[in-house]
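Trainee: My questions will all concern the structure given below.
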Amino acid sequence: MGMICKCFRLALVPAVLLLLASCHSGRKASVSLDLGEGGVREIVLTRLDVNKNSVIDTLVCDEAGRLRFKVKVPAGDPDFFYLYQDGDKVLSLVLAGGDKVAVKADDAGGYSIEGSDDSRLLMEAEGRYQDISEQFEVLSDRLVANYEDIAKADGFRRDMGKLFVSYYRECVAFVMEHPSSMASVSVLFQKVGDNLNVFATDTDAAHFKRVRDSIASYYPHSRYLAALDSEISSREEALELRIRLENTEEVGFPDLVLPDVNGKDVQLSSVDASVILLHFWTASDASQNIYNTQVLKPLYDKYKSRGLEIYAVSYDADKAGWAEIVREQDTGWINVNDYMSVSSVIYNVTELPRTFIISGTTVVDSGSFNKVELEKAIRSCI
């Protein structure tokens, strides 16, 4: 679910107000904004339509940093509106038809919001998300800078893991406390670090369901329900896959059943080849695309006739983007997608790319190989 501000926006209001807001669907909301002194400035107003952020208007503050505007809220639900100045997001709002919202900059560099409990709750969630994102970025930079020092690198990985788990628990508490809030929708779709979903496991379907059902009771025609339904369905499919893998017959290595670019399930154990390279990667990393074309492709073309096959597992959440890159590369081997990263637990994949060499029914080697190392390993098995 794409978004310019990295997360969705909306929030909780008492049940009576929510019902009243739904009656105003399609009406205009009015906003008065006080950004403080700073001279005349232009503010770009946008609206999020599920996964597309569209510019609505360019507004001009007076010399005191004040402006007033009205915006039509689409029928059926409140919606997310963003204000940008010079390309930077100034403010996120959740507006329903008939809302009268007043926003004023405070001395601490934040804002006070009156007339929209949803917007205040969203501001709280976004502020915490920004703090966590910055902490992740610092730890990530330190990890990269100390990558060759195994002890230090492992320490930073542990710190990132602890931070992620702590923040995940915060987010669970948030959506449990505010299931009827569209701010909870924003939290459900947050990503931290290197495109890591906060709610990434198949069991998180329960949290999506709770929010989805609560939102539907107030806004039965909300466009965001379809996005929640899609995530629920994906997680239920991932849970089903995990159960199938747990019950699959032992073949000497953990089996996988994942969909290819056409949505057809391909089972790892059914691959007819004497040597299989089980390759974990992501199309979102340019260096891994280069590895495919400059390392794997020449070896695949050279040894395919001698019994080599590649079963490449992508962890890309953007399945359409992944499929497009796969088709562009036209490698010829088996490409499947595991955007929920279920297989990363099964095979203990902690970094990408990672390749497992399967000979017969046994994993004989694994790691991140250069071309010479990988060819040597292949030749030893064929």
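The sequence shown lines up with residues 2 to 383 when you count with our numbering.
For every residue, glycine included, the Cβ atom is placed at its ideal position computed from N, Cα and C.
As the structure is a computational prediction, the values presented were derived from the model and not from experiment.
Under 8 Å between C-beta atoms, does Asn290 make it to chain B?
Mentor: Although the question refers to chain B, the structure presented lacks it and comprises just one protein chain.
Trainee: So what does DSSP say about Gly368, is it helix, strand or coil?
Mentor: Strand, per DSSP.
Trainee: If you reduce the DSSP assignment to three classes, tell me which class Ala76 lands in.
Mentor: In this structure, Ala76 counts as coil in the three-state DSSP scheme.
Trainee: Can the beta-carbon of Ser271 be found closer than 8 Å to that of Gly308?
Mentor: No. Outside cutoff.
Trainee: From the DSSP secondary-structure annotation, give me the bridge partner or partners of Ile114.
Mentor: DSSP output for Ile114 lists Val104 as bridge partner(s).
Trainee: Evaluate Gly98 with the Cβ neighbour count: other Cβ atoms within 10 Å of its Cβ, from every protein chain shown; 16 or more gives buried, anything less gives exposed.
Mentor: Burial call: buried.
Trainee: Tell me whether Ala22 is buried or exposed, calling it buried when 16 or more other Cβ atoms sit within 10 Å of its Cβ.
Mentor: Because Ala22 sits at a pLDDT of 40, beneath the cut-off of 50, its placement in the model cannot be relied upon, and the following sentence gives the value as read from the coordinates. That one is buried.
Trainee: Hey, quick one: how far does the beta strand (DSSP E) through Asn357 stretch, first residue to last?
Mentor: According to the sequence shown, residue 357 is Phe rather than Asn. Unbroken beta strand (DSSP E) run through Phe357: 355 to 360.
Trainee: Where DSSP assigns a beta bridge to Ser315, which residues make up the other side?
Mentor: Trp282, Asn338.
Trainee: Lys29 by DSSP, collapsed to three states: which one?
Mentor: In this structure, Lys29 counts as strand in the three-state DSSP scheme.
Trainee: Using a Cβ-Cβ cut-off of 7 Å (strictly less than) and excluding sequence neighbours within five positions of Ala324, which residues of its own chain qualify?
Mentor: Val262.
Trainee: Within 10 angstroms of its Cβ, does Asp100 collect 16 or more other Cβ (buried), or is it exposed?
Mentor: Asp100 is buried by the Cβ-count criterion.
Trainee: Note down, in chain order, each residue of its chain lying with its Cβ closer than 6 Å to the Cβ of Ser367, except the 5 sequence neighbours on either side.
Mentor: Phe357.
Trainee: Is it right to say Arg48 is buried, meaning 16 or more other beta carbons lie within 10 angstroms of its own, or is it exposed?
Mentor: With 16 or more Cβ atoms within 10 Å of its Cβ, Arg48 is classed as buried.
Trainee: Would His222 be called buried (16 or more neighbouring beta carbons within 10 Å of its own) or exposed?
Mentor: Classification for His222: exposed.
Trainee: To the nearest angstrom, how far is the alpha carbon of Val364 from that of Asp256?
Mentor: Roughly 12 Å between the two C-alpha positions.
Trainee: If you reduce the DSSP assignment to three classes, tell me which class Thr332 lands in.
Mentor: Note: Thr332 maps to coil in three-state DSSP.
Trainee: Report, in whole angstroms, the separation of the C-beta atoms of Leu229 and Phe209, which I expect to be a contact under 8 Å.
Mentor: Indeed, because the Cβ distance is near 6 Å, the residues count as touching under 8 Å.
Trainee: Residues in the same chain with beta-carbon distance under 7 Å from Glu237, minus the five sequence neighbours each way, listed in chain order, please.
Mentor: Closer than 7 Å at Cβ, skipping near neighbours: Ala206.
Trainee: Under DSSP, the beta strand (DSSP E) around Asp48 begins and ends at which residues?
Mentor: According to the sequence displayed, residue 48 carries Arg and not Asp. That run of the beta strand (DSSP E) goes 42 to 50.
Trainee: Check whether the Cβ atoms of Tyr168 and Val193 lie closer than 8 Å to each other.
Mentor: Taking 8 Å as the Cβ cut-off, Tyr168 and Val193 qualify as a contacting pair.
Trainee: Tyr112 to Gly66, Cα distance in whole Å?
Mentor: So the two alpha carbons sit approximately 13 Å from each other.
Trainee: Return yes when the Cβ of Leu92 is within less than 8 Å of the Cβ of Val102, no when it is not.
Mentor: The answer is no: Cβ separation not under 8 Å.
Trainee: Which value, in whole angstroms, describes the spacing of the CA atoms of Phe352 and Gln136?
Mentor: Before going on, a small fix: residue 352 reads as Glu here, not Phe. Each residue's Cα considered, the two are about 20 Å apart.
Trainee: Reducing DSSP to helix, strand and coil, say where Cys24 ends up.
Mentor: Low per-residue confidence applies at Cys24: pLDDT is 43, beneath 50, and the placement is therefore not dependable, though the value from the model is reported in the following sentence. Helix, per DSSP.
Trainee: If you run the structure through DSSP and keep just helix, strand and coil, what is Val173?
Mentor: Note: Val173 maps to helix in three-state DSSP.
Trainee: Along the chain, where does the beta strand (DSSP E) that runs through Ser288 open and close?
Mentor: No beta strand (DSSP E) contains Ser288, which is instead part of the alpha helix (DSSP H) from 287 to 292.
Trainee: Exposed or buried, Asn371, counting other C-beta atoms within 10 Å across all chains shown (16 or more means buried)?
Mentor: Classification for Asn371: exposed.
Trainee: From the DSSP output, in three-state form, read off Thr202 for me.
Mentor: Three-state result, Thr202: coil.
Trainee: On the DSSP bridge list, what partners appear for Gln136?
Mentor: Answer is none; Gln136 lacks a bridge partner.
Trainee: State the CB to CB distance for the pair Ile335 and Ile311, rounded to an integer number of angstroms; the pair is presumed to be in contact (CB under 8 Å).
Mentor: Sure, about 7 Å apart at Cβ, within 8 Å.
Trainee: What three-state label does DSSP hand Arg67 in the structure shown?
Mentor: Here Arg67 sits in strand by DSSP.
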